[in-house]
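Q:
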Amino acid sequence: MLFMVDNFLKEIPKKDYGIYREKSKQAFEAMQIAFNNKLWAPSTREAVFTCINAVDALLAKFSGYRNMSKNHMDIVYIIENSKYIPIESAKKQSSRLRKIIAQKNLADYENKAVTLKKASEIKLQAERFYAWAMEYL
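Going by the numbering used here, the sequence shown runs without a break in its numbering and finishes at 141.
1. Quick one: residues in its chain with C-beta nearer than 8 Å to the C-beta of Arg132, no 5 flanking neighbours on either side, listed in chain order?
2. Helix, strand or coil for Glu139 per DSSP?
3. From Ala31 to Ala38, what does the alpha carbon distance come to, in whole angstroms?
4. Check the C-beta distance from Met35 over to Ala130 and give it rounded, since I have them as a contact under 8 Å.
5. Out of curiosity, what's the CA-to-CA distance linking Lys29 and Thr54?
6. Can you give the Cα-Cα distance for Lys87 and Gln97, rounded to whole angstroms?
7. Exposed or buried, what is Thr48 when buried is set at 16 or more other beta-carbons lying within 10 Å of its beta-carbon?
8. Could you check the C-alpha separation between Ala137 and Gly22 for me, to the nearest Å?
9. Which class does Tyr88 belong to by DSSP, given the choice of helix, strand or coil?
10. Considering only their Cβ atoms, is the gap separating Leu63 from Leu13 smaller than 9 Å?
11. In angstroms, rounded to a whole number, what distance separates the CA positions of Leu6 and Lys27?
12. Quick check on Leu43: does DSSP put it in helix, strand or coil?
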């Protein structure tokens, strides 16, 4: 599959990474609150946005861009591309990110309930991804 990452990027000031870092932090906190209140689908949704915003923060900080794609999965291609986020461990984290983002459909669109087990798995993966991203932010 030919994917043109550049087509989905908008140049922004590098200092704006703090905006996305804060959005990631707030989504992370919302994920925790939702999970603690047994709101599995909202917890899963916030796990996804925790990670998306963390990648947006990394992308802004290291390259001065923001992802504008409507497809959330496109952010996986961005993190895999060291041209944009030159962190050696980023490529390894991309598989974790892919699994997390794939759960957004379950949380929002599928006619299946998000279970405690599934919400717990996604929360754990999002916590690990978030911790990794914050090391660089």
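Don't be surprised by glycine CBs; every beta carbon is placed ideally from N, CA and C.
No experiment lies behind these values; they were computed from the predicted model shown.
A: In terms of the structure at hand:
1. Arg100
2. helix
3. Cα to Cα, the separation comes out at about 10 Å.
4. 6 Å
5. 7 Å
6. 16 Å
7. A buried status is given to Thr48, since no fewer than 16 other beta-carbon atoms sit within 10 Å of its beta-carbon.
8. 13 Å
9. Three-state result, Tyr88: coil.
10. With contacts defined by Cβ atoms closer than 9 Å, Leu13 and Leu63 form a contacting pair.
11. Any answer about Leu6 is weak, because its pLDDT of 38 lies below 50 and its placement is not dependable; what the coordinates show is given next. Going from the Cα of Leu6 to the Cα of Lys27 covers about 31 Å.
12. Here DSSP, grouped into helix, strand and coil, assigns Leu43 to coil.
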